[in-house]
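Just below is one structure, and these are the notes that go with it.
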Amino acid sequence: MSDFFQNGVITNFHNLTGRSVAELEKDLVRFSRKRKMGLILPSLFSELEGPALSNIVDELAKVPYLSEIVIGLDRADRDQFLLAREFFSRLPQRHRILWNDGPRLKALDAELDKEGLSPSQPGKGRNVWFCSGYTLASDKSNCVALHDCDIVTYERGMLARLLYPLANPAFHYEFCKGFYARVADGKLNGRVGRLLVGPLLRSLQKVYGHSEYLDYLSSFRYPLSGEFAMRTHVLNGIKIPGDWGLEIGVLSEIYRNYTTRQSCQVEIADNYDHKHQPLSEEDGTGGLKRMSNDIVQSLLRKMATMGVNITSDSFRVLKATYYRNALDMMEIYNHEATMNGLKFDQHTEEAAVEMFTQAILDAGQAFIERPNEKPFIPSWSRVQSAFPDILQRIYQAVEDDNSGDV
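Dropping the structure here:
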């Protein structure tokens with residue numbers, strides 16, 4: 065039975081009995097008297113027009129224990145922001161939208177940029193970083209969850225299970241990661257997790273030697289899940305990547321700042337599906353190609369900070385080791401799909417492995433060519449040391465955008 069509660073170096077909670085959402089929420093309402101809970105939703109405006117977000121908002125409207133919902137809105141002009149204000153207005157909880165492309169937040173961003181304290185590129189990491197700053201400024205929560213806005217199978221029990229280990233006053237966790245099986249439409253999904261991250265972590269151990277950090281990452285059943293939660297004060301001290309390495313970067317920062325006994329993962333869904341990325345966009349960039357490159361670089365940067373000597377020669381060994389490991393894992397997934405009556409496209413899977421292999425070489429080359437690149441967005445504690453009133457100013461800018469003329 066120990067695997068139900070302990071998986072490697074972090075505590076592992078399974079959904080053993082399928083407790084009803086009503087039972088979970090009853091507990092969370094009680095917990096909220098001592099530990100207030102919030103939610104961050106990083107979103108693109110295009111997701112307001114997609115199939116998932118409207119249902120997510122409908123589900124969140126039924127949640128009785130949230131003190132605040134903070135929505136980060138990217139790629140929206142003025143009219144689109146006003147539409148977003150109307151779209152989210154059916155949420156009964158206190159909620160605020162960060163109009164990241166609006167003049168107020170852009171002016172603050174430009175001020176931070178002059179001091180080298182602003183995210184260097186747009187993306188999910190930048191969105192989450194500004195939402196984190198507002199959450200700290202608002203001070204309406206003791207623990208906060210984050211999940212994506214493209215989950216087509218969303219139901220509010222996911223959020224309840226994600227927050228439960230942090231909200232329960234009898235527990236002492238600082239961080240919780242969600243996991244779930246990646247199966248939908250009769251096939252295995254989650255190619256980046258299955259075919260890149262898993263084999264790569266094993267290959268890094270073989271090439272660079274045993275590492276407790278890699279053991280820690282390997283203990284997460286789905287390290288790339290976009291669903292995680294933490295005590296709100298954690299947001300103040302972590303440095304996150306601004307690119308697709310966000311999830312690995314957050315896990316790395318939690319490892320750096322807290323003991324493994326303070327981290328856990330919880331099974332939040334039996335059925336999960338979201339928007340799927342193509343291998344690459346039409347111009348040969350983006351998609352899983354960009355994502356895999358960012359993830360590999362995030363891992364390499366972290367290992368370098370731990371004193372691992374990463375060289376061009378070692379990359380060639382890593383590439384060959386990864387490729388063999390990935391093909392072996394692909395065969396295992398083929399068997400698993402067959403046993404469960406799922407479709408398995410060997411050609412597509414091998415094409416993904418080949419692309420990931422190239423991503424490892426590309427990421428390694430970029431890592432060596434740009435050793436002085438600042439990979440992380442500065443922590444909010446550092447930003448506040450340079451701009452003591454920055455959180456109050458962000459808070460006021462968001463309030464003005466949400467309640468006044470724009």
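Residues in the sequence shown are numbered consecutively from 65, following the working numbering. Just so it is clear, CB atoms sit at the ideal spot from N, CA and C, and this is done for glycine as well. These numbers come from a predicted model, not from an experiment.
S107 sits in a strand when the DSSP states are folded into three classes. A209 counts as buried, since at least 16 other C-beta atoms from the protein chains shown sit within 10 angstroms of its C-beta.
If you compare the alpha carbons of S118, G250 and E150 with that of M403, the shortest gap goes to G250. In summary, L146 is exposed, with fewer than 16 beta-carbon neighbours lying within 10 Å of its beta-carbon over all protein chains present. Annotation: V372 is outside any beta strand (DSSP E) and is labelled neither H nor E by DSSP.
Residue nearest to D377 within the set V127, Q429 and R225 is Q429 (criterion: CA-CA distance). Here I441 is buried: its Cβ has 16 or more other Cβ atoms, across all protein chains shown, within 10 Å. H411: member of the alpha helix (DSSP H) spanning Q410 to E433, first to last residue.
Taking the Cβ atoms as the reference, A224 lies roughly 4 Å from L88, within the contact range of under 8 Å. Around the beta carbon of D212, 16 or more other beta carbons sit within 10 angstroms, so the residue counts as buried. Annotation for A209: the continuous beta strand (DSSP E) segment containing it runs C207 to L210. Apart from the 5 residues on each side of it in sequence, N253 sits with its Cβ closer than 6 Å to the Cβ of R246 in its chain, given in chain order. Using a Cβ distance threshold of 8 Å, P287 and G257 count as a contacting pair.
In the three-state reduction of the DSSP assignment, T217 falls in the coil class. Within the same chain, and ignoring the five residues on either side of S182 in sequence, the residues whose Cβ sits closer than 7 Å to its Cβ are D173 and L176.
Going by DSSP, S316 is part of no beta strand (DSSP E) but of the alpha helix (DSSP H) stretching over L310 to N321. The beta carbon of Y336 lies closer than 6 Å to those of T217 and Y244 in the same chain, with the five residues before and after it left out.
In this chain, the alpha helix (DSSP H) harbouring T402 covers S376 to M403.
In this structure, the CA atom of L169 is about 39 Å from the CA atom of I374. The beta-carbon separation of G242 and E291, rounded to 3 Å, stays under the 8 Å limit for a contact.
With fewer than 16 other beta carbons inside 10 angstroms of its own, I432 counts as exposed. Ranked by Cα distance from Y198, the first of E276, N300 and E400 is N300. Residues of the same chain with a CB within less than 6 Å of the CB of Q185, apart from the 5 flanking positions on each side, are G306 in chain order. When C-alpha distances from R154 are compared across K178, N164, S362 and V127, the shortest belongs to V127. Under the 8 Å Cβ criterion, the segment 107 to 114 does not count as touching the segment 81 to 99, having fewer than three qualifying pairs.
Going by C-alpha positions, S327 is about 9 Å away from Y319. Per DSSP, L265 is one residue of the alpha helix (DSSP H) stretching across G262 to Y272. The residue from N206, F151, I304 and I454 with its alpha-carbon nearest to that of Y129 is N206. DSSP, read as helix, strand or coil, puts E89 in helix. Judged by DSSP in its simplified three-state form, R246 adopts coil rather than helix or strand.
By the 16-neighbour rule on beta-carbons within 10 angstroms, K100 is buried. The C-alpha of I332 is placed about 21 Å away from the C-alpha of E132. Around the beta carbon of H159, a 10 Å sphere encloses 16 or more other beta carbons of the protein chains shown; the residue is thus reported as buried.
Straight-line measurement puts the Cα of E219 at about 22 Å from the Cα of I161.
The three-state secondary structure of H78, taken from DSSP, is coil.
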